[in-house]
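Residue numbers (the numbering used here), protein chains in the order written: chain V, 35 to 299; chain G, 2 to 293.
Think of the CB as a built atom: it goes at the ideal place given N, C-alpha and C, for glycine as much as any other residue.
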C-alpha cells in the first residue's frame, strides 16, 4: 500500500514532546448550531498535526478557534477550554490580539497585502514594536520560507506580481516573521498547482524543527506525507486522533478506515 | 450555415437584430445628452467668452457691467471648497469606517444607515433652512464662511459616507484576516490596509460630493451669503459670496450685459470644477498604481 510506505518513510522520530495546545471538550457554535462538538486532543511541540475530514466537518472552524480568528464571525460562541501554555485562550484576561501574535495563520487562498514584498514581511513586526534589524528579519523570514533566492533582487516589487505558489510562501514568511509559537495552516495548498504544493510541503519539513504546525487539508495523501499526528473529523465530531501512521494503517474506528481508504468523502 | 435549420437561422437572425436595436437605442440616448450638454456649453461660451479676461477675474462686483468682476466670489468659493473638504472628509470617512469596520450589526446600525440614505435625498434648500437655524442663529456664527461651509458639509456628508462605504466594502475580507492574524488591532488593520485599498474609491465619492457642494446655490442664499461683496474674506468668520450666488445675482438682472457676465461666471465655475476633478483623479490614479 503506497500510503503506508509514505508514512513509514516520513515518521521516524516518535518520541512525544511537550503539549503546546490542549483542547478540552471544545465546541464551536454558529448562532447556537454546533459546528464542532466537544473535541479534545493535544497539539505537540515541533510536530505537525493534520486535521482531515470531509467538507463541512468543522475542521477549518476548529482551526480558526485555535487563534481566535472565529471572533470575527457574527454569532459564534465557543465552549470548553483551549489551553495554551497552561492558560485558557478564551479566558477573561486573555487579549485575542496577543493570541494571534503568538499563533500565526496561513490561509486557504494566498492573501498578500497589496504592498511590496519587503513591506509584506515587515508590517507585522513593525506594528508589534520589533526593534532589531528589519532587513535581517525580512531576509531570515524569506529564507525560512524558501523564497529568498527567488525574490532577493526585487524586494520592493509588488507582492501581487508573484505567482500563486510564491505568494503563499510569502504569506508563510510573513507569519514566520512574527516568530509564532504555533503556525496554523488552513488548506494552504488547495489553490496551488502540484509543484507549488511540493514546495510548501518541503518547507513544512524544514520548519518542523522550530515550529509547531497544525494543517487542515482535504488531501489525505498530503496529511499522510507531512504530518506526525492526524485528527479525523466528521460532522463536527473528532472521530479519531493519533499518530499519522496508525491512523492511516491501523485505524481503530470503522469510519476512519472507510475515509482513509477512500470509501467515502 | 448549413448546420442550422432554416427556422433556427431565422430565430438567430432575429435575436441579433434585437441586440443591434438595443445597442443603437443606448447610443442615441447617450449621444443626445452629450449633444445637449454641448449645445449648452457652446451657448454659454459664446455669451460669456467676450467678458472673460484678467480684469474680470481680478475685479470686485460693480453696478457698471464693464467694471464688474468675480474676485470676491471666486475667493469665496475657494475658501468654501477648502473648508468643506476639511470638515466633510474626516467626518464622512470616519462615519463610513465606523459603520463598516467597527459597529456591531444591529438595530442601531440599521437605524443610522436608513437615516443616512434618507439624508442624501433631502433637497438642498432644507439643509439651508437647517443651517440658518442652527449655525447662523443658534450658534451665532452669523452669515459667515464657516456657516456656509458647515451647512454645505451637512449636505454632502451623507453622500461621502455612502460612497466611502461602498469603497470599503470592496476591500476583500482576506486582507483584513491577514492583518488580524499577525496580531494587529482593528484600528491598525483599518489604517494600514483597509483605508489605503479603499482610497481610490473614497476619492471618487469625495470628488463628486465636493463638486456638488460648490455648485449648490440654494443653501447659501438661505443662510444669507451676500450677492454684493466688495472685499475678500480674511478668515472663516467673514461674510462672503460664492460663484453660484454671484451668477444668480447677475442672471436675475434685466440688462443683457449682466446675463453675459453670468455666462462668464459660469465658465469660471466650470473651470474650477474641472480643475478640482482633474487634481483628484490624478491623485486617485497615482495611488491606484501604487497599490498594484
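query	result
As a quick exercise: from 10/G, 108/G, 153/G, 30/G, pick the residue whose alpha carbon is nearest that of residue 128/G.	153/G
Got a sec: is the Cβ-Cβ distance from residue 161/V to anything in chain G below 8 Å?	yes
In angstroms with no decimal places, state the Cα-to-Cα distance between residue 204/V and residue 173/V.	12 Å
Check for me: the alpha helix (DSSP H) holding residue 77/G runs from which residue to which?	72 to 98
Closer than 8 Å is the cut-off here; do at least three beta carbon pairs connect the segment 56 to 75 of chain G with the segment 242 to 254 of chain G?	yes
Do we get a CB-CB distance below 8 Å when we pair residue 78/V with the residues of chain G?	no
How would you label residue 133/V, buried or exposed, when you count the other beta carbons within 10 angstroms and need 16 or more for buried?	buried
Run down chain V in chain order and give the residues with a C-beta less than 9 Å from the C-beta of residue 186/G.	131, 161
Counting only runs of 4+ residues fully inside the segment 83 to 122 of chain V, write out the alpha helix (DSSP H) ranges in chain order.	93 to 99
How about residue 147/V: is its C-beta nearer than 8 Å to some C-beta of chain G?	yes
Please specify which runs of the beta strand (DSSP E), each continuous and at least 3 residues long, are wholly inside the segment 118 to 156 of chain V, giving them in chain order.	137 to 140
Grab the span of the alpha helix (DSSP H) containing residue 219/V for me, first residue to last.	Where residue 219/V is concerned, there is no enclosing alpha helix (DSSP H), although the beta strand (DSSP E) it sits in stretches over 216 to 220.
Can you tell me whether residue 82/G is buried or exposed, with buried defined as 16 or more other CB within 10 angstroms of its CB?	buried
Check whether the segment 63 to 70 of chain V touches the segment 216 to 231 of chain V, counting contact only when three or more Cβ pairs, one atom from each stretch, lie closer than 8 Å.	no
List the residues that DSSP assigns as beta-bridge partners of residue 68/V.	63/V
I'd like the ranges of any alpha helix (DSSP H) spanning at least 4 consecutive residues and lying wholly in the segment 145 to 190 of chain G.	146 to 170, 174 to 181, 187 to 190
If you draw a straight line from the C-alpha of residue 264/V to the C-alpha of residue 297/V, how long is it?	18 Å
What are the residues in the segment 94 to 115 of chain G lying within 9 Å of chain V by C-beta distance?	105, 106
Hey, how far is the Cα of residue 259/V from the Cα of residue 279/V?	10 Å
Using a Cβ cut-off of 8 Å, pull out every chain V residue sitting near residue 284/G, in sequence order please.	Going along chain V, no residue has its Cβ under 8 Å from residue 284/G, so there is no contact; the nearest lies around 17 Å.
Tell me which residues of the segment 169 to 196 of chain G have at least one Cβ-Cβ distance to chain V shorter than 7 Å, keeping chain order.	175, 176, 178, 179, 181, 182, 183, 184, 185, 186, 189, 193, 194
Less than 8 Å between CB atoms is the rule here; does residue 108/V satisfy it with respect to chain G?	yes
Between the alpha carbons of residue 44/V and residue 74/V, how many angstroms are there, rounded?	Note on residue 44/V: pLDDT 49, under 50, position unreliable in the model; the coordinate value appears next. Taking the straight line joining both Cα atoms gives about 26 Å.
Which residues in chain G sit within 8 Å of residue 118/V, going by Cβ to Cβ distance?	Going along chain G, no residue has its Cβ under 8 Å from residue 118/V, so there is no contact; the nearest lies around 14 Å.
Return yes when the Cβ of residue 89/G is within less than 8 Å of the Cβ of residue 158/G, no when it is not.	yes
So for residue 43/V, helix, strand or coil by DSSP?	Because the pLDDT of residue 43/V is 48, which lies under 50, any placement of that residue in the model is unreliable, and the number read from its coordinates should be weighed accordingly. Here residue 43/V sits in helix by DSSP.
Does DSSP classify residue 73/V as helix, strand or coil?	strand
Identify the contact partners of residue 203/V in chain G, using a Cβ-Cβ distance below 9 Å as the criterion.	Chain G residues near residue 203/V: none, gap ~14 Å exceeds 9 Å.
Considering just the uninterrupted stretch of the beta strand (DSSP E) at residue 274/V, what are its terminal residues?	271 to 277
If distances are taken between C-alpha atoms only, which option among 192/G, 172/G, 211/G, 111/G comes closest to residue 156/G?	211/G
Run through DSSP, which three-state label would residue 244/V get?	coil
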